[in-house]
Every structure is written in structure tokens, then in C-alpha cells.
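See structure below.
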Amino acid sequence: MRVLILSANTGGGHNATARALGEQMERLEIAYEIADTLSFISEKVSDFISWGHSYVYRRLPRLFGIGYRYEEKHSVSFIYNQCAKGADALHEKLEADPFDAVICTHVFSGLMMTELRLRYGALIPCYFIATDYTCSPGVSQMNLDGYFIPHRMLLGEFTHNGLAADKLFSTGIPIGEVFYKSFDKAESRRALGLPQDKKVILFSCGSMGCGKLEKSAKMFLRRMPQDACLVVLCGNNERAYEILGKYASDRLVVLPFIQNVSEYMSAADVYMTKPGGLTTTEAIAKKTPMILVNAVPGCETRNYRFLTEQGVAFGAKSWHHANAILKRTLQSDKEIVQQRKAMESFEGPHAAEAICKHLLRSLAQ
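First residue of the sequence shown? That's 17 in this note's numbering, and the numbers climb one at a time after it.
So this is what it looks like as C-alpha cells:
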């Protein structure tokens, strides 16, 4: 059995989903390949769209939100037409290098496969993985064999958008196996060189380090209790890493893009972040209490709403509001205990494993 996983380099989440799926496939001895969907249009297009997405997302979040809302209210025909340009090249790939199934971790890949099937027929089974807690624009235009969605409570939203109920499978969002492993807080802090006698606050704005990361971090540092240590994950935001690095101390730890986020989640008392689909799913698996700020309008607004309504995160209107919530939660564990209980109830199956087993069952029929 061989599976082609189609991702996109628009932020770290979709590629992280693809890698998590690949991890599980290796355990089950399923051969797979991960490919960049946009490269089937051209490498230049892939680089340009990836750069443009990162720039707008990080520097112009309001513009990103306007674009998302427009897509929600109108047909995403422009995006579909752009994705359709790669259908022939993708078909050549599938003809020259046969696979038994295709899994799409981005709307772009789902739309490209839809056009491919329109032109050449449904050659092999194809599935889409939703990596946000909402039915994103474009999903309703897909014509695939199945859709793996983040939570059973979202079934109604997906069927409302025209997807057949018998094609929806509530599996959760695939994340790395390491996030399901439990680590002792004290041991994690020793391994990472973090203080044992302070409250550890983890702060990030996703892999791209979007928004006013350095300004918010400085504000937290000024206002947080003296017995607290702020750990800032700058991701790929090199500018923020350089600026904040000048203020590093026993109360401020500044890190660039790292691979061991799970260890820092284990060491943290509270995690302040934006509501990205992957980041929040990882924190829920780790049972790390979250304070979410809706820093980038769009799909993350939907994540913010869904996750706070389910009680698995505290919702803040701004980073200043997040600071007030942080102060309250550090003074009392009552709300944190309640949030961890909600996380335990919220969590579903190990998504990557559930998806792989579904594939094996489907292809065996």
C-alpha cells in the first residue's frame, strides 16, 4: 500500500499534519510520500504563494481576515481555477508513480484533486483532512471520497455546507505521537534548564510568529508576577527573536523555531497562544491550559469560538486581556483544573492512527 500525502507550505500546520500522518504510516508499514501541492503548478508559484501567505498572515492580519470572510460569502472560483492549473501535472505524477490513495491536508490539494477527478475520473480513493475546527471555504466545492474532521460536534456544520454525512469521519486532527506522551513537569524543567520555583508561562504566535510578538512579550514581562518565567517561542520570526533576545534573563527565555515544543508544553503552567488548529490540538493532548487570543481573523476566529465554547481554552479579546486572565489563573488553580477536565472529555481518538486504520479498512474492501 502506497499513499500520497498532499500538503502546502502555507505555514507549519499543514506540513505538521502530513508529518504526523507519515509517522503513523511508518509504524503500520504503509509506504508514503509527502508532496507540496502548489509545486504541481510550478515551484515559482509555490514559493510566491507561500511567501505571500506568510507576509499577509504575519504583517497584515486584518487583510487576511477580510479575504477569508470574502471567501466565506462568495464562490472561491479564483482559488479553484488556480489550483486546477496543477491538475494535469499531478495526474502525470499519479500515472508515472502509482499510489493506492491520496490524502489532502490543505484546501488547495483538495481542490486540485477535485479538478483532476473531473478531467480523468476517480482513479484512486482521495480524502481530505480538515486542520481547523470549522468547515473552511472551498471544502464544499470538493468532490472526494471522505473527509476527516476535527470533532463530532462539527458534523452539523459540515453537512450544512453540503457534504454528505456518510462521507464525514470524526477522527480529530493528526498531531505528532510525542504530544500524547506524559512527561513529569519537574523533570521537563530540569531537562530544559527552566526554574523549578517559578510559574512557567509559554507564549507563542504560531510557527510564523505573527502579530506584534515582541511588543506583547515585553508587556507580559512587565506585568507578570516576579515569581514567573516567560518562555517565548518566536518560530520563524527572526526579527522578534533578535529583539527579544537582548532582554533574556532568568525571567525571560527566548527561543527560535524549535522541534521540541512538546517538552515546553510539559514544563509550562499556562500556554498563551493564537488559536491555530494544530497548536491547540497539541495543547489539548498535553493537557496544557491555554489562553487564546484571536490575533489573526479568519479560520482561527472559528477555532477560537469553538474551543472556548467547549471549555478547553480561556478566550481573551486582546493580549492585554490575556494578561488579566493569566494573572487570575496563576492565583487560583480552580479554573485550570476545570479546563483540564474539559480537555479530557473533548479529546477523541489518536487522529493519525484512526485515519490510517480507516484507509486500511477501505482499501481492503
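Think of the CB as a built atom: it goes at the ideal place given N, C-alpha and C, for glycine as much as any other residue.
Out of the options, point me to the one whose CA is closest to residue i's CA.
| i | options | result |
| --- | --- | --- |
| Thr297 | Ile21, Leu22, Gly29 | Gly29 |
| Gly38 | Gly192, Lys214, Pro141 | Gly192 |
| Ala244 | Ser204, Val286, Ile274 | Val286 |
| Met129 | Lys101, Phe174, Cys372 | Lys101 |
| Ile352 | Lys373, Ser334, Phe330 | Phe330 |
| Ile300 | Ser198, Tyr163, Gln347 | Ser198 |
| Pro190 | Glu258, Ile21, Gln347 | Ile21 |
| Met288 | Arg255, Phe219, Leu229, Ile259 | Phe219 |
| Asn97 | Leu210, Gly126, Leu246 | Gly126 |
| His167 | Lys373, Asp148, His176, Val155 | Asp148 |
| Leu54 | Ile95, Leu210, Leu375 | Ile95 |
If we ignore side chains and look at the alpha-carbon of each, how far apart do residue i and residue j end up?
| i | j | result |
| --- | --- | --- |
| Val270 | Cys250 | 7 angstroms |
| Pro153 | Ala338 | 29 angstroms |
| Leu184 | Leu171 | 7 angstroms |
| Phe124 | Gln326 | 29 angstroms |
| Asn252 | Ile274 | 9 angstroms |
| Leu134 | Val216 | 52 angstroms |
| Cys56 | Pro141 | Here residue 56 turns out to be Phe, not Cys, going by the sequence shown. Cα to Cα, Phe56 sits roughly 19 angstroms from Pro141. |
| Ser334 | Val328 | 18 angstroms |
| Asp182 | Gly162 | 8 angstroms |
| Glu108 | Ala180 | 30 angstroms |
| Ala138 | Asp213 | 59 angstroms |
| Gln157 | Thr26 | 20 angstroms |
| Leu294 | Ala367 | 12 angstroms |
| Asn159 | Ser93 | 15 angstroms |
| Ala47 | Thr175 | 32 angstroms |
| Cys221 | Ser204 | 22 angstroms |
| Lys350 | Gly261 | 34 angstroms |
| Val118 | Tyr136 | 15 angstroms |
| Glu111 | Leu376 | 22 angstroms |
| Ser232 | Glu254 | 16 angstroms |
Between which residues of its own chain and residue i is the CB-CB distance below 7 angstroms, once the five residues before and five after are set aside?
| i | result |
| --- | --- |
| Leu208 | Glu279, Tyr280, Ala283 |
| Pro291 | Leu308, Asn310, Glu316, Asn319, Tyr320, Leu323 |
| Val194 | Ser278 |
| Glu369 | Gln40 |
| Gln381 | none |
| Leu11 | Residue 11 cannot be examined here, being either before or after the span of the chain that is shown, 17 to 381. |
| Asp113 | none |
| His44 | Before going further, note that residue 44 is Leu rather than His in the sequence given. Excluding residues within five positions, the ones whose Cβ falls inside 7 angstroms are Cys372. |
| Asp52 | Ser23, Ala24, Asn25, Ser62 |
For residue i, which residues of its own chain have a beta-carbon under 8 angstroms away from its beta-carbon, when the five flanking residues on both sides are left out?
| i | result |
| --- | --- |
| Arg35 | Ile50, Gly192 |
| Tyr263 | Lys234, Leu237, Val270 |
| Thr150 | Leu170, Glu173, Cys315, Arg318, Asn319, Phe322 |
| Asp200 | Ser282 |
| Asp116 | Met17, Arg18, Val19, Ile140, Pro141, Leu379 |
What does a CB cutoff of less than 6 angstroms around residue i pick up in its chain, not counting 5 residues either side in sequence?
| i | result |
| --- | --- |
| Thr121 | Ser23, His30, Thr33, Ala34, Ile145 |
| Glu131 | Ala100, Ala103 |
| Ala256 | Gly225, Leu229, Glu230, Cys250 |
| Asp266 | none |
| Thr187 | Phe164, Ala367, Ala370, Ile371 |
| Gly364 | Gly188 |
| Gly178 | Ser156 |
In the DSSP assignment, what are the bridge partners of residue i?
| i | result |
| --- | --- |
| Thr289 | Leu308 |
| Cys250 | Per DSSP, none; premise fails for Cys250. |
| Lys201 | Bridge partners of Lys201: none, in fact. |
| Ser220 | Leu249 |
| Leu271 | Leu249 |
| Glu49 | Leu20 |
| Tyr163 | Phe144, Leu184 |
| Ser265 | Leu268 |
Examine chain D for any beta-carbon lying closer than 7 angstroms to the beta-carbon of residue i, and answer yes or no.
| i | result |
| --- | --- |
| Val123 | The structure shown contains no chain D; it is built from a single protein chain. |
With a threshold of 8 angstroms, are at least 3 pairs of Cβ atoms found where one atom belongs to the region 238 to 246 and the other to the region 332 to 350? yes
Looking at C-beta atoms only, is the number of pairs between the region 299 to 312 and the region 352 to 366 that lie closer than 8 angstroms three or more? Judged by pairs of C-beta atoms under 8 angstroms, the region 299 to 312 touches the region 352 to 366, as three or more such pairs exist.
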